[in-house]
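Please read the structure below before turning to the comments.
Residue numbers (our numbering), protein chains in the order written: chain V, 1 to 171; chain Z, 1 to 257.
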């Protein structure tokens, strides 16, 4: 019981400070889980992160793995819920607040600028993912096909991901 | 004879009025309409036109009220609520979102905005902004945001849980396998190809949204700034989005704002 509470507290903290999502929080998690509490060895932690990248969900799902290692299924549930909880509550409250202040010009303008920044970062992400993954003829070919079939033929991107995954498996 | 009918009609009208003063719902409105219509008929029967007209006017104003209420309801609903929401779509994306956060982001945009039209471009980007500013992975934040928009807290809980469930189960299975065999699957080549596909995916999403959102030089300026600052200066997401928001607040104050 004590360890479950600790698990809950640690992942609640991690969930609260995981701004920007993804890899940013990994050192923070390592610090707590490996150094401070010694729940996992360093090797196990690296594997947890790798596995987190394999699953279709966000990397925070590594919390499930860690929770499982510490306290079985119950631990997995506790760690997953507590890592999601802070952002979940904040998003809900923020969505509510935005609706309330819809008419506010300043807020509307803030979001107008911020929305554009998101688009800029989407394009930047495309560039940096492209830089690291477009390494030979095959990958450039895949990216080209993906882009054309999405923009021109409105293909469902799920098929593109599946196709690329299969190509990766057989090659 | 006439006297008793008049009495009956008065009674019906009064009862209608009593119901009318209660909080208005679909049921009470229906009840009032029925009572007054009945009273109207009775007044007509005994030839009291002035009373009949009075009730007729009351009925008209009642109809107006009713139609306003219904209109408002539809207005609220037509955004999203009246549309049949297939919550399975979150499950689907939760299952198929291989290839990292940007792949999931593209899938969400495709499914929520383009196919199911649950969110507008603006809504979707707003969700992404919140996801960037607040903690938690952006994709999950968008899922929570969408759920909340659809059905408040219960919707948010539903969408988030449905979305995370496939990964959760898969992760437990992987953890069990890991405990037993100490292995992690080999994934490098798959990820290479997935990365290439994700590049195409995410660029198409960026171009599509950019086309819709950027209408003047101010927008273009912010876009370029965000692109460059995250590419070259490697600012973190929070800084980029926050500063762009502040820039927007200042820039769009102008005449057309």
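The beta-carbon is built from N, C-alpha and C at its ideal position, and this holds for glycine as well.
Cβ shell of residue i (< 6 Å), same chain only, five flanking positions each side left out
| i | result |
| --- | --- |
| residue 75(Z) | Its pLDDT being 47, under 50, residue 75(Z) is placed unreliably in this model, and the value from its coordinates should be taken loosely. Contacts found: none. |
| residue 80(V) | 63 and 64 |
| residue 257(Z) | Note that residue 257(Z) scores a pLDDT of 42, beneath 50, so its modelled location is shaky and nothing firm can be said. |
| residue 131(Z) | 138, 141 and 142 |
| residue 79(Z) | Note that residue 79(Z) scores 47 on pLDDT, short of 50, meaning its location in the model is unreliable; the coordinates nonetheless yield the value given after this. Excluding sequence neighbours, residue 79(Z) sits near nothing in its chain. |
| residue 237(Z) | 132 |
| residue 61(V) | 52 and 55 |
| residue 98(V) | none |
| residue 156(Z) | 144, 147 and 148 |
Rounded straight-line distance, which links the Cα of residue j to that of residue i
| i | j | result |
| --- | --- | --- |
| residue 145(V) | residue 200(Z) | 8 Å |
| residue 82(Z) | residue 28(V) | Because the pLDDT at residue 82(Z) is just 41, under 50, the model does not fix this residue reliably, and the value given afterwards should be weighed accordingly. Each residue's Cα considered, the two are about 43 Å apart. |
| residue 212(Z) | residue 121(Z) | 8 Å |
| residue 154(Z) | residue 87(V) | 16 Å |
| residue 202(Z) | residue 78(V) | 33 Å |
| residue 12(V) | residue 2(V) | 15 Å |
| residue 54(Z) | residue 1(Z) | 22 Å |
| residue 152(Z) | residue 168(Z) | 24 Å |
| residue 94(Z) | residue 165(V) | 16 Å |
| residue 192(Z) | residue 224(Z) | 28 Å |
| residue 161(V) | residue 102(Z) | 12 Å |
| residue 19(V) | residue 96(V) | 20 Å |
| residue 106(Z) | residue 205(Z) | 6 Å |
| residue 77(Z) | residue 86(Z) | A caution first: residue 77(Z) carries a pLDDT of 47, below 50, which makes its placement in the model too unreliable to give a value. |
| residue 235(Z) | residue 156(V) | 32 Å |
| residue 57(Z) | residue 32(Z) | 13 Å |
| residue 144(Z) | residue 57(V) | 14 Å |
| residue 167(V) | residue 130(V) | 17 Å |
| residue 60(Z) | residue 135(Z) | 53 Å |
| residue 35(V) | residue 181(Z) | 25 Å |
| residue 150(V) | residue 163(V) | 14 Å |
| residue 150(Z) | residue 7(Z) | 50 Å |
| residue 249(Z) | residue 221(Z) | 14 Å |
| residue 169(V) | residue 142(V) | 14 Å |
| residue 226(Z) | residue 207(Z) | 15 Å |
| residue 159(V) | residue 100(Z) | 16 Å |
Under 8 Å from the C-beta of residue i: neighbouring residues of chain Z
| i | result |
| --- | --- |
| residue 61(V) | 164, 167, 168 and 171 |
7 Å Cβ cut-off: residues of chain C touching residue i
| i | result |
| --- | --- |
| residue 149(Z) | Although the question refers to chain C, the structure presented lacks it and instead comprises the protein chains V and Z. |
Partner residues on chain Z for residue i, Cβ-Cβ distance less than 7 Å
| i | result |
| --- | --- |
| residue 101(V) | Those within 7 Å of residue 101(V) in chain Z number zero; the least Cβ separation is about 13 Å. |
| residue 167(V) | 193 |
| residue 134(V) | 196 and 199 |
| residue 147(V) | 200, 203 and 204 |
Residues that residue i contacts on chain Z, provided the C-beta gap is smaller than 9 Å
| i | result |
| --- | --- |
| residue 3(V) | Within chain Z, no residue comes near residue 3(V); the closest Cβ sits about 17 Å away, beyond 9 Å. |
| residue 69(V) | 175, 178 and 179 |
| residue 109(V) | 245, 248, 249, 250, 251, 252, 253 and 257 |
| residue 65(V) | 171, 172, 174, 175 and 178 |
| residue 7(V) | Near residue 7(V) there are no residues of chain Z at all, since even the closest Cβ is about 14 Å away, more than 9 Å. |
Contacts that residue i makes with chain V (C-beta to C-beta distance below 8 Å)
| i | result |
| --- | --- |
| residue 262(Z) | Outside the displayed range of chain Z (1 to 257) lies residue 262(Z), so it cannot be described from this structure. |
| residue 87(Z) | Near residue 87(Z) there are no residues of chain V at all, since even the closest Cβ is about 16 Å away, more than 8 Å. |
| residue 106(Z) | 157 |
| residue 113(Z) | Going along chain V, no residue has its Cβ under 8 Å from residue 113(Z), so there is no contact; the nearest lies around 12 Å. |
| residue 190(Z) | 165, 168 and 169 |
Same chain, Cβ closer than 7 Å to residue i, five either side skipped, listed in chain order
| i | result |
| --- | --- |
| residue 9(Z) | 39, 42 and 43 |
| residue 146(Z) | 112, 118, 119, 127 and 159 |
| residue 15(V) | 82, 83, 84, 85, 86 and 87 |
| residue 30(V) | 45 |
| residue 76(V) | 64, 67 and 68 |
| residue 109(Z) | 124 and 205 |
Amino acids of chain V, ordered along the chain, whose beta-carbon sits closer than 7 Å to that of residue i
| i | result |
| --- | --- |
| residue 139(Z) | 58 |
| residue 227(Z) | 120, 123 and 124 |
| residue 198(Z) | 129 |
| residue 98(Z) | 56, 161 and 165 |
| residue 32(Z) | In chain order: nothing, as chain V lies at least about 32 Å away. |
Chain-order list of residues whose beta-carbon lies under 8 Å from that of residue i (same chain, five-residue window excluded)
| i | result |
| --- | --- |
| residue 37(V) | 6 and 10 |
| residue 91(Z) | 162, 163, 165 and 166 |
| residue 104(Z) | 93, 97 and 139 |
Any non-hydrogen atom of the ligand SAM within 7 Å of residue i CB
| i | result |
| --- | --- |
| residue 198(Z) | Looking for the ligand SAM in the displayed structure turns up nothing, as the structure carries no ligands at all. |
Partner residues on chain V for residue i, Cβ-Cβ distance less than 9 Å
| i | result |
| --- | --- |
| residue 145(Z) | 91, 92, 94 and 95 |
> Per the contact definition of three or more C-beta pairs closer than 8 Å, is the segment 113-130 of chain V in contact with the segment 233-244 of chain Z?
Replying inline: Touching, yes.
> Using a beta-carbon distance cut-off of less than 7 Å, what residues from the segment 27-49 of chain V approach chain Z?
Replying inline: Within the segment 27-49 of chain V, the residues whose Cβ lies closer than 7 Å to some Cβ of chain Z are 47, listed in chain order.
> In chain order, what residues of the segment 201-212 of chain Z put their CB closer than 8 Å to some CB of chain V?
Replying inline: So the list reads 201, 202, 203, 204, 205, 206, 207, 208, 209 and 210, given in the order they occur along the chain.
> For the segment 100-111 of chain V against the segment 97-113 of chain Z, are there 3 or more C-beta pairs whose distance is under 8 Å?
Replying inline: Flag = no, the segment 100-111 of chain V and the segment 97-113 of chain Z do not touch.
> Name the residues in the segment 38-57 of chain Z whose C-beta lies less than 8 Å from a C-beta of chain V; which are they?
Replying inline: Hits within the stretch: zero.
>> Quick check: the segment 119-132 of chain V against the segment 226-234 of chain Z, are at least 3 beta-carbon pairs closer than 8 Å?
In response: Yes, since at least three Cβ pairs between the segment 226-234 of chain Z and the segment 119-132 of chain V fall closer than 8 Å, the two stretches touch.
> In chain order, what residues of the segment 237-249 of chain Z put their CB closer than 9 Å to some CB of chain V?
Replying inline: From the segment 237-249 of chain Z, only 237, 238, 240, 241, 242, 243, 244, 245, 246, 247, 248 and 249 have a Cβ closer than 9 Å to chain V.
> What residues in the segment 73-87 of chain V have a beta carbon less than 9 Å from any beta carbon of chain Z?
Replying inline: Here the close residues are 73, 76, 77, 80, 83, 84, 86 and 87.
> Which residues, in order along the segment 9-20 of chain V, keep a beta-carbon less than 8 Å from a beta-carbon of chain Z?
Replying inline: Per Cβ criterion, the list reads 15, 16, 17, 18, 19 and 20.
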